[in-house]
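Asks: So the sequence shown is numbered by full-length UniProt numbering: it starts at 1 and just counts up by one.
Note that CB positions come from ideal geometry on N, CA and C, so glycine has one too.
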Amino acid sequence: MSDDGERVLLGFTRALRAAGVGVTHDRATSFLQATAVLGAGSAVSTYRAGRATLCGGPEDLARFDQVFAAWFGSSTLGLPVPRGRTAAGPAHHDHATRDTDLPHPAAGGGFDRAAQTFADRSNGFETLPNPIQYGVVADDRETLRHRDVAGLTEAERRVLAAQLAALRPRPPLRRAARTVPWHRGRPDLHRTLRASLRRAGEPARIERRRRARTPRRVVLLVDVSGSMRPYAEALLRLAHAVVRSAAPAGARRAGTRFRAEAFTLGTRLTRVTDALRTADPERALARAGDLVPDWAGGTRLAGALATLTDRHGARLRGAVVVVCSDGWERGDPADLADRAARLHRLAHAVVWVNPHRGKAGYRPVQSGIVAVLPYVDHFLAGHSLGTFEEVLEVIARA
Numbered sequence: 001m002s003d004d005g006e007r008v009l010l011g012f013t014r015a016l017r018a019a020g021v022g023v024t025h026d027r028a029t030s031f032l033q034a035t036a037v038l039g040a041g042s043a044v045s046t047y048r049a050g051r052a053t054l055c056g057g058p059e060d061l062a063r064f065d066q067v068f069a070a071w072f073g074s075s076t077l078g079l080p081v082p083r084g085r086t087a088a089g090p091a092h093h094d095h096a097t098r099d100t101d102l103p104h105p106a107a108g109g110g111f112d113r114a115a116q117t118f119a120d121r122s123n124g125f126e127t128l129p130n131p132i133q134y135g136v137v138a139d140d141r142e143t144l145r146h147r148d149v150a151g152l153t154e155a156e157r158r159v160l161a162a163q164l165a166a167l168r169p170r171p172p173l174r175r176a177a178r179t180v181p182w183h184r185g186r187p188d189l190h191r192t193l194r195a196s197l198r199r200a201g202e203p204a205r206i207e208r209r210r211r212a213r214t215p216r217r218v219v220l221l222v223d224v225s226g227s228m229r230p231y232a233e234a235l236l237r238l239a240h241a242v243v244r245s246a247a248p249a250g251a252r253r254a255g256t257r258f259r260a261e262a263f264t265l266g267t268r269l270t271r272v273t274d275a276l277r278t279a280d281p282e283r284a285l286a287r288a289g290d291l292v293p294d295w296a297g298g299t300r301l302a303g304a305l306a307t308l309t310d311r312h313g314a315r316l317r318g319a320v321v322v323v324c325s326d327g328w329e330r331g332d333p334a335d336l337a338d339r340a341a342r343l344h345r346l347a348h349a350v351v352w353v354n355p356h357r358g359k360a361g362y363r364p365v366q367s368g369i370v371a372v373l374p375y376v377d378h379f380l381a382g383h384s385l386g387t388f389e390e391v392l393e394v395i396a397r398a
């Protein structure tokens, strides 16, 4: 198997793990071995090997089908379909509710039905002629990293969703008051003397220590107003990836937790942290959509920031605050500037993510952006997967 093919397969296992399937290292290794035996160039063989090695129970099968369709594509990669029929296209839903823009797990339902039937009975089916081309898939995904989210097709949005679910955000760290043993730093007299006493008073190696590192809190504010409608879903998926990274390995070793909070901005401030803690990204976004009463409405950034600083000021102290908004404001820009100044005083760093920042010819001339820029530490673009990764890197270094 080529290196590109192995990277795509390992990326698929990470996407499954992010979607809530318990993929262990042993299962991932068995998956690679099974695809090598059955034939890595066949979609049917890859699908069959994955179902056999990566799913731990019946509850994982539907989630596996959904991630497989999003990762490899359900219409061009030779997935099994019944004889005499073709796989149906993505299901269209007519939801006249405020969470219309949120994706539904039933998207691509025709593939899900065909894949489920294939798992139950493999006889009587045929495959489409196109094999999996791992190099082409890798190139397409690299191209997708730089595409504007607002211009993606439904199939590309499903691929983007899988890639966002596979992100592993790193927490920003600060120095704590306590110290921990380290190979460099200040001498630790207590541990050095104890080591000497264990040697009956003989000189021992000088032990050293340094200040421990503990994660900072991250607070994300996602603008869901009408002007941010093309980007709100992707930004909420990014917030879900951050909130789900609640306790990385380094934080657990230090006895602390990576704390993250998520809010939506519109005509009001809505806390969606608990909803985004759901492991399944689709269910998490659906729960968040049910909580947000002002989806695709107006924008009152000053009022939302006032509510944030007044009611949740304790959560902001020393935190990295990430505001995802284009800066359109209905109210007085001077009021917005005052609220942004107070937010800057409370937070350790303010990161402002504007989807229009990375577009050619953009200038920060909106009244809201002009008002808040003096109180922003990092002004970043946020219109593609590549820019989302840059945002996560800036948060980790803040």
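For L189 and R211, I'd like the C-alpha separation in whole angstroms.
Replies: Within the sequence shown, the letter at position 189 stands for residue 189. Within the sequence shown, the letter at position 211 stands for residue 211. For L189 and R211, the distance between alpha carbons rounds to 15 Å.
Asks: So, helix, strand or coil for residue 406, using DSSP?
Replies: Residue 406 falls outside the range modelled here, since the chain spans only 1 to 398, and no answer is possible.
Asks: Under 8 Å between the Cβ atoms of L265 and D326?
Replies: The count along the sequence shown starts at 1 and reaches residue 265 at position 265. The count along the sequence shown starts at 1 and reaches residue 326 at position 326. No, Cβ-Cβ distance for L265 and D326 is not below 8 Å.
Asks: In the structure shown, what three-state DSSP assignment does P261 receive?
Replies: Start at 1 with the first residue of the sequence shown, and residue 261 comes out as number 261. The identity of residue 261 in the sequence shown is Glu, whereas the question assumes Pro. Three-state result, E261: strand.
Asks: I'd like the list of long-range same chain contacts for A349, defined as Cβ closer than 6 Å, with 5 residues on each side in sequence excluded.
Replies: Taking the sequence shown and counting its residues from 1, one reaches residue 349 at position 349. For A349, where only same-chain residues beyond five positions count, the Cβ hits under 6 Å are V320, D377 and A398.
Asks: Under the assumption that V23 contacts T13 (Cβ atoms under 8 Å), give the Cβ distance between them as a whole number of angstroms.
Replies: Taking the sequence shown and counting its residues from 1, the one referred to as residue 23 is at position 23. Taking the sequence shown and counting its residues from 1, the one referred to as residue 13 is at position 13. So it is a contact: roughly 5 Å between Cβ atoms.
Asks: Does DSSP put V372 in a helix, in a strand, or in coil?
Replies: Within the sequence shown, the letter at position 372 stands for residue 372. The answer is helix: DSSP assigns V372 an H, G or I state.
Asks: Can the beta-carbon of A306 be found less than 8 Å from the beta-carbon of P333?
Replies: Counting from one through the sequence shown, the residue named residue 306 turns up at place 306. Counting from one through the sequence shown, the residue named residue 333 turns up at place 333. No, the pair does not count as a contact, with Cβ atoms beyond the cut-off.
Asks: Can you check DSSP and say which residues form a bridge with R210?
Replies: Here residue 210 refers to the residue found at position 210 when the sequence shown is read from its first residue. V180, per the DSSP bridge assignment.
Asks: Using a 10 Å radius around the Cβ and a threshold of 16 neighbouring Cβ atoms, would you call D37 buried or exposed?
Replies: One-based indexing of the sequence shown puts residue 37 at position 37. It should be pointed out that residue 37 corresponds to Val in this sequence rather than to Asp. When all chains shown are included, V37 counts as exposed.
Asks: Does the distance from the C-beta atom of L32 to that of L54 stay below 8 Å?
Replies: Counting from one through the sequence shown, the residue named residue 32 turns up at place 32. Counting from one through the sequence shown, the residue named residue 54 turns up at place 54. Not a contact, by the Cβ cut-off of 8 Å.
Asks: Tell me which same chain residues have a C-beta within less than 7 Å of the C-beta of A288, skipping the five on either side of it?
Replies: Residue mapping note: residue 288 aligns to position 288 of the sequence shown, counting from 1. Cβ neighbours of A288 beyond the five flanking positions: L236, V272, A275 and L276.
Asks: My assumption, with CB atoms under 8 Å, is that G151 sits in contact with S225. Please give the rounded CB distance.
Replies: Within the sequence shown, residue 151 is the residue found at index 151, counting from 1. Within the sequence shown, residue 225 is the residue found at index 225, counting from 1. G151 to S225, Cβ: 20 Å. No contact.
Asks: Give me the Cβ distance between L173 and R216, rounded to the nearest whole Å; I'm assuming they're in contact under 8 Å.
Replies: Position 173 of the sequence shown holds residue 173. Position 216 of the sequence shown holds residue 216. Rounded, the Cβ-Cβ distance is 7 Å, consistent with contact.
Asks: Name the DSSP bridge partner or partners of D220?
Replies: Within the sequence shown, numbered from 1, the residue matching residue 220 stands at position 220. The sequence given here places Leu at residue 220; Asp does not occur at that position. A262 and V322, per the DSSP bridge assignment.
Asks: Would you kindly check if the distance between the Cβ of A162 and the Cβ of A286 is under 8 Å?
Replies: In the sequence shown, the residue the question calls residue 286 occupies position 286. In the sequence shown, the residue the question calls residue 162 occupies position 162. No. Outside cutoff.
Asks: Cutting at 6 Å between CB atoms, please list the residues of its own chain near D280, excluding the five before and the five after it.
Replies: Mapped onto the sequence shown, residue 280 falls at position 280. These residues qualify, in order along the chain: G20.
Asks: With the cut-off set at 8 Å, would you say V180 and P230 are in Cβ contact?
Replies: Start at 1 with the first residue of the sequence shown, and residue 180 comes out as number 180. Start at 1 with the first residue of the sequence shown, and residue 230 comes out as number 230. Not in contact: V180 and P230 (Cβ atoms no closer than 8 Å).
Asks: Exposed or buried, A249, counting other C-beta atoms within 10 Å across all chains shown (16 or more means buried)?
Replies: As a working mapping, residue 249 is identified with position 249 in the sequence shown. Note that A249 scores a pLDDT of 43, beneath 50, so its modelled location is shaky and nothing firm can be said.
Asks: Nearest by alpha-carbon distance to L336: which of A49, T214 and T309 is it?
Replies: Taking the sequence shown and counting its residues from 1, the one referred to as residue 336 is at position 336. Minimum Cα distance to L336 is reached at T309.
Asks: Are there 16 or more other CB atoms within 10 angstroms of the CB of E329, so buried, or fewer, so exposed?
Replies: Sequence index remark: in the sequence shown, residue 329 carries index 329 (1-based). It is buried - the Cβ of E329 has at least 16 other Cβ atoms within 10 Å.
Asks: Output the distance between the C-alpha atoms of H186 and A262, rounded to the nearest integer angstrom.
Replies: Locating residue 186 in the sequence shown gives position 186, counting from the first residue. Locating residue 262 in the sequence shown gives position 262, counting from the first residue. A small fix is needed here, since residue 186 is Arg in this sequence, not His. One C-alpha to the other measures close to 39 Å.
Asks: In whole angstroms, give me the CA-to-CA distance for P293 and H312.
Replies: Start at 1 with the first residue of the sequence shown, and residue 293 comes out as number 293. Start at 1 with the first residue of the sequence shown, and residue 312 comes out as number 312. Each residue's alpha carbon lies about 20 Å from the other.
Asks: Work out the CA separation of L221 and L316 for me, nearest whole Å.
Replies: Along the sequence shown, one-based indexing puts residue 316 at 316. Along the sequence shown, one-based indexing puts residue 221 at 221. Taking the straight line from one Cα to the other gives about 12 Å.
Asks: Whose C-alpha, out of L167, V323 and W295, is nearest the C-alpha of G386?
Replies: Translated into positions along the sequence shown, residue 386 becomes position 386. For the residues L167, V323 and W295, the minimum Cα distance to G386 belongs to L167.
Asks: Is the Cβ-Cβ distance between L346 and Y375 less than 8 Å?
Replies: On the sequence shown, position 346 is the one that residue 346 refers to. On the sequence shown, position 375 is the one that residue 375 refers to. No, these two residues do not count as a Cβ contact at 8 Å.
Asks: Have a look at S384 and V159 and give me their C-alpha separation to the nearest angstrom.
Replies: For the purposes of this step, residue 384 is taken as residue 384 along the sequence shown, with counting starting at 1. For the purposes of this step, residue 159 is taken as residue 159 along the sequence shown, with counting starting at 1. Each residue's Cα considered, the two are about 13 Å apart.
Asks: Mapping the DSSP letters down to three states, classify L269 as helix, strand or coil.
Replies: For this step, residue 269 is matched to residue 269 along the sequence shown. Strand.
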